[in-house]
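K.L.:
Dumping the structure here so I can ask a few things about it.
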Amino acid sequence: MPADITLYTNPMSRGQIARWMLEEVGQPYETVVLDYSDGMKSADYLAINPMGKVPAIVHRGKVVTEAAAICAYLADAFPDARLAPAVSDRSDYYRWLFFAAGPVEAAVTNKALGFVVPEGRDRMAGYGTFDHSIDALERAVSVPAWICGDQFTAADVYVGAQVDWGLTFGTMPSRPAFEAYADRLRERPAYKRQKEMDGALIAQMKRAE
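Taking UniProt numbering, the leading residue of the sequence shown gets 1, the next gets one more, and so forth.
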(Lines of atoms letter the chains of each structure in order from A and count residues from 1; the text may use other names and numbers.)
(Lines give C-alpha, C1' and ligand atoms only; values in the text may rest on other atoms or scores of the structure.)
Protein backbone atom coordinates (compact mmCIF):
# COMPACT_ATOMS: atom_id res chain seq x y z
CA MET A 1 0.00 0.00 0.00
CA PRO A 2 1.48 3.38 -0.95
CA ALA A 3 2.47 5.75 1.85
CA ASP A 4 0.14 8.63 2.64
CA ILE A 5 3.08 10.98 3.25
CA THR A 6 5.75 12.22 0.87
CA LEU A 7 8.80 14.02 2.21
CA TYR A 8 10.62 16.42 -0.09
CA THR A 9 14.10 16.97 1.25
CA ASN A 10 17.82 17.26 0.81
CA PRO A 11 20.02 15.57 3.42
CA MET A 12 22.13 18.72 3.73
CA SER A 13 19.24 20.90 4.81
CA ARG A 14 16.56 21.46 7.43
CA GLY A 15 14.94 18.45 5.82
CA GLN A 16 16.74 16.47 8.52
CA ILE A 17 14.32 17.97 11.04
CA ALA A 18 11.27 16.79 9.10
CA ARG A 19 12.72 13.31 8.68
CA TRP A 20 13.46 13.06 12.38
CA MET A 21 9.88 14.03 13.15
CA LEU A 22 8.57 11.46 10.67
CA GLU A 23 10.70 8.80 12.32
CA GLU A 24 9.27 9.77 15.70
CA VAL A 25 5.73 9.52 14.27
CA GLY A 26 6.47 6.03 12.98
CA GLN A 27 4.24 6.18 9.89
CA PRO A 28 5.44 5.04 6.44
CA TYR A 29 6.52 7.80 4.09
CA GLU A 30 8.11 8.21 0.69
CA THR A 31 11.20 10.34 0.22
CA VAL A 32 11.94 12.60 -2.75
CA VAL A 33 15.48 14.01 -2.64
CA LEU A 34 15.90 17.29 -4.50
CA ASP A 35 19.07 19.14 -5.43
CA TYR A 36 19.43 22.85 -4.83
CA SER A 37 19.17 23.87 -8.47
CA ASP A 38 17.05 21.93 -10.91
CA GLY A 39 15.14 19.93 -8.30
CA MET A 40 14.02 22.64 -5.90
CA LYS A 41 13.49 25.20 -8.66
CA SER A 42 11.56 22.93 -11.00
CA ALA A 43 8.01 23.89 -11.94
CA ASP A 44 6.67 20.73 -10.32
CA TYR A 45 8.26 21.49 -6.97
CA LEU A 46 7.50 25.21 -7.06
CA ALA A 47 3.84 24.18 -7.32
CA ILE A 48 4.33 22.51 -3.92
CA ASN A 49 6.52 25.18 -2.32
CA PRO A 50 6.80 28.48 -4.20
CA MET A 51 9.85 29.32 -2.08
CA GLY A 52 11.74 26.52 -3.83
CA LYS A 53 13.11 25.26 -0.52
CA VAL A 54 12.93 22.08 1.53
CA PRO A 55 11.56 20.47 3.58
CA ALA A 56 7.98 20.02 2.53
CA ILE A 57 5.57 17.19 3.11
CA VAL A 58 2.43 16.21 1.28
CA HIS A 59 -0.04 14.24 3.39
CA ARG A 60 -3.14 13.02 1.60
CA GLY A 61 -2.95 15.92 -0.82
CA LYS A 62 -2.29 18.56 1.87
CA VAL A 63 0.98 20.49 1.63
CA VAL A 64 2.89 21.58 4.71
CA THR A 65 6.14 23.56 4.53
CA GLU A 66 8.42 25.06 7.21
CA ALA A 67 10.08 22.61 9.57
CA ALA A 68 8.36 23.83 12.72
CA ALA A 69 4.95 23.68 11.05
CA ILE A 70 5.70 20.17 9.79
CA CYS A 71 6.56 19.06 13.33
CA ALA A 72 3.37 20.55 14.79
CA TYR A 73 1.21 19.22 11.96
CA LEU A 74 2.48 15.66 12.22
CA ALA A 75 2.01 15.65 16.00
CA ASP A 76 -1.65 16.56 15.51
CA ALA A 77 -2.21 14.34 12.48
CA PHE A 78 -0.96 11.25 14.33
CA PRO A 79 -2.04 11.64 17.97
CA ASP A 80 -1.26 8.01 18.79
CA ALA A 81 2.44 8.91 18.64
CA ARG A 82 1.88 11.20 21.66
CA LEU A 83 4.10 13.95 20.32
CA ALA A 84 1.89 16.80 21.51
CA PRO A 85 0.59 17.44 25.02
CA ALA A 86 -3.09 17.76 25.79
CA VAL A 87 -4.41 21.10 24.56
CA SER A 88 -4.74 22.33 28.13
CA ASP A 89 -1.02 21.68 28.68
CA ARG A 90 0.40 23.28 25.54
CA SER A 91 1.67 26.60 26.89
CA ASP A 92 5.34 25.58 26.99
CA TYR A 93 4.90 23.49 23.86
CA TYR A 94 3.75 26.42 21.73
CA ARG A 95 5.95 28.95 23.46
CA TRP A 96 9.27 27.25 22.86
CA LEU A 97 8.41 25.69 19.51
CA PHE A 98 7.68 29.10 18.02
CA PHE A 99 10.47 30.81 19.94
CA ALA A 100 12.96 28.46 18.30
CA ALA A 101 11.38 28.95 14.87
CA GLY A 102 11.35 32.75 15.23
CA PRO A 103 13.88 34.53 17.46
CA VAL A 104 16.42 31.71 17.73
CA GLU A 105 16.45 30.94 14.00
CA ALA A 106 16.81 34.62 13.13
CA ALA A 107 19.46 35.32 15.78
CA VAL A 108 21.63 32.35 14.83
CA THR A 109 21.33 32.97 11.08
CA ASN A 110 22.11 36.67 11.35
CA LYS A 111 25.14 36.01 13.53
CA ALA A 112 26.43 33.40 11.07
CA LEU A 113 26.01 35.93 8.25
CA GLY A 114 27.87 38.57 10.21
CA PHE A 115 24.87 40.82 10.69
CA VAL A 116 24.89 42.78 13.94
CA VAL A 117 21.86 44.71 15.17
CA PRO A 118 22.90 48.37 15.42
CA GLU A 119 23.32 49.64 18.95
CA GLY A 120 20.05 50.81 20.42
CA ARG A 121 17.98 49.16 17.68
CA ASP A 122 17.48 45.76 19.28
CA ARG A 123 13.81 46.49 19.96
CA MET A 124 13.24 46.50 16.20
CA ALA A 125 14.62 42.96 15.88
CA GLY A 126 12.26 40.18 16.84
CA TYR A 127 15.04 38.44 18.73
CA GLY A 128 16.52 41.46 20.44
CA THR A 129 20.14 40.31 20.55
CA PHE A 130 21.83 36.99 19.96
CA ASP A 131 22.84 36.70 23.60
CA HIS A 132 19.32 37.37 24.87
CA SER A 133 17.89 34.71 22.57
CA ILE A 134 20.47 32.12 23.54
CA ASP A 135 19.98 32.85 27.23
CA ALA A 136 16.22 32.35 26.87
CA LEU A 137 16.75 29.13 24.92
CA GLU A 138 19.01 27.86 27.68
CA ARG A 139 16.14 28.40 30.11
CA ALA A 140 13.84 26.27 27.95
CA VAL A 141 16.18 23.28 27.94
CA SER A 142 17.45 23.58 31.52
CA VAL A 143 15.11 20.82 32.61
CA PRO A 144 15.80 17.26 33.70
CA ALA A 145 13.62 15.71 31.01
CA TRP A 146 11.87 17.50 28.15
CA ILE A 147 10.42 20.92 27.37
CA CYS A 148 6.91 19.85 28.36
CA GLY A 149 7.99 17.84 31.38
CA ASP A 150 8.21 14.05 31.23
CA GLN A 151 6.61 13.87 27.76
CA PHE A 152 8.88 14.14 24.71
CA THR A 153 7.07 16.23 22.08
CA ALA A 154 7.39 17.80 18.66
CA ALA A 155 8.74 20.88 20.42
CA ASP A 156 11.75 18.82 21.46
CA VAL A 157 12.30 17.72 17.87
CA TYR A 158 12.39 21.28 16.56
CA VAL A 159 14.12 22.96 19.50
CA GLY A 160 16.42 19.98 19.81
CA ALA A 161 17.39 20.15 16.15
CA GLN A 162 18.38 23.79 16.62
CA VAL A 163 20.52 22.94 19.65
CA ASP A 164 22.04 19.83 18.06
CA TRP A 165 22.94 21.72 14.87
CA GLY A 166 24.25 24.72 16.78
CA LEU A 167 26.58 22.64 18.94
CA THR A 168 27.77 20.50 16.01
CA PHE A 169 28.64 23.43 13.75
CA GLY A 170 29.58 26.01 16.36
CA THR A 171 26.76 28.43 15.66
CA MET A 172 25.61 28.17 19.27
CA PRO A 173 27.80 28.37 22.38
CA SER A 174 28.51 25.19 24.28
CA ARG A 175 26.80 25.35 27.66
CA PRO A 176 26.14 22.53 30.12
CA ALA A 177 22.36 22.76 29.67
CA PHE A 178 22.67 22.57 25.87
CA GLU A 179 25.11 19.68 25.99
CA ALA A 180 22.98 17.68 28.43
CA TYR A 181 19.84 18.26 26.37
CA ALA A 182 21.59 17.27 23.15
CA ASP A 183 22.94 14.11 24.79
CA ARG A 184 19.40 13.04 25.72
CA LEU A 185 18.15 13.73 22.21
CA ARG A 186 20.95 11.78 20.56
CA GLU A 187 19.93 8.64 22.44
CA ARG A 188 16.49 8.55 20.84
CA PRO A 189 16.10 5.71 18.31
CA ALA A 190 14.28 7.99 15.83
CA TYR A 191 17.14 10.50 15.96
CA LYS A 192 19.65 7.74 15.28
CA ARG A 193 17.62 6.40 12.35
CA GLN A 194 17.36 9.86 10.82
CA LYS A 195 21.09 10.46 11.12
CA GLU A 196 21.86 7.07 9.59
CA MET A 197 19.53 7.63 6.62
CA ASP A 198 20.60 11.19 5.89
CA GLY A 199 24.23 10.32 6.49
CA ALA A 200 24.00 7.57 3.87
CA LEU A 201 22.40 9.99 1.39
CA ILE A 202 25.12 12.57 1.99
CA ALA A 203 27.82 9.97 1.40
CA GLN A 204 26.08 8.86 -1.79
CA MET A 205 25.86 12.43 -3.06
CA LYS A 206 29.53 13.07 -2.34
CA ARG A 207 30.55 9.92 -4.23
CA ALA A 208 28.58 11.17 -7.22
CA GLU A 209 30.37 14.53 -7.32
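No residue lacks a Cβ here, since even glycine has one placed at the ideal position from N, Cα and C. Please read all numbers here as calculations on a predicted model, not as lab measurements.
Which residue marks the beginning of the beta strand (DSSP E) containing residue 212, and which one marks its end?
P.N.:
A question about residue 212 goes unanswered here, because the residues of the chain that appear run from 1 up to 209.
K.L.:
In chain order, what residues of the same chain have a beta carbon less than 6 Å from the beta carbon of alanine 112, not counting five sequence neighbours either side?
P.N.:
The answer, listed in chain order, is Thr171.
K.L.:
From the DSSP output, read off the bridge partner residues of lysine 62.
P.N.:
Paired residues: His59.
K.L.:
Going by the beta-carbon positions, is the gap between proline 50 and threonine 9 smaller than 8 Å?
P.N.:
Taking 8 Å as the Cβ cut-off, proline 50 and threonine 9 do not qualify as a contacting pair.
K.L.:
For the beta strand (DSSP E) containing threonine 9, name the first residue and the last one.
P.N.:
5-9 is the extent of the beta strand (DSSP E) around threonine 9.
K.L.:
DSSP three-state call for glycine 102: helix, strand or coil?
P.N.:
Helix.
K.L.:
For glycine 149, which residues does DSSP report across the bridge?
P.N.:
Beta-bridge pairing links glycine 149 to Trp146.
K.L.:
In the DSSP assignment, the alpha helix (DSSP H) including threonine 129 goes from what residue to what residue?
P.N.:
Counting along the chain, threonine 129 falls outside any alpha helix (DSSP H), and DSSP gives it neither H nor E.
K.L.:
Work out the CA separation of valine 141 and tyrosine 29 for me, nearest whole Å.
P.N.:
About 30 Å.
K.L.:
List the endpoints of the continuous alpha helix (DSSP H) containing glycine 170.
P.N.:
Looking at the DSSP string, glycine 170 is not in any alpha helix (DSSP H), and its letter there is neither H nor E.
K.L.:
Taking contact to mean 3 or more Cβ pairs, one atom from each stretch, closer than 8 Å, check whether the stretch 115-127 and the stretch 57-68 are in contact.
P.N.:
As far as the Cβ criterion goes, the stretch 115-127 does not touch the stretch 57-68, which means the pair count is below three.
K.L.:
Assuming contact is defined by CB atoms lying nearer than 8 Å, are threonine 153 and alanine 77 in contact in what I supplied?
P.N.:
No, Cβ-Cβ distance for threonine 153 and alanine 77 is not below 8 Å.
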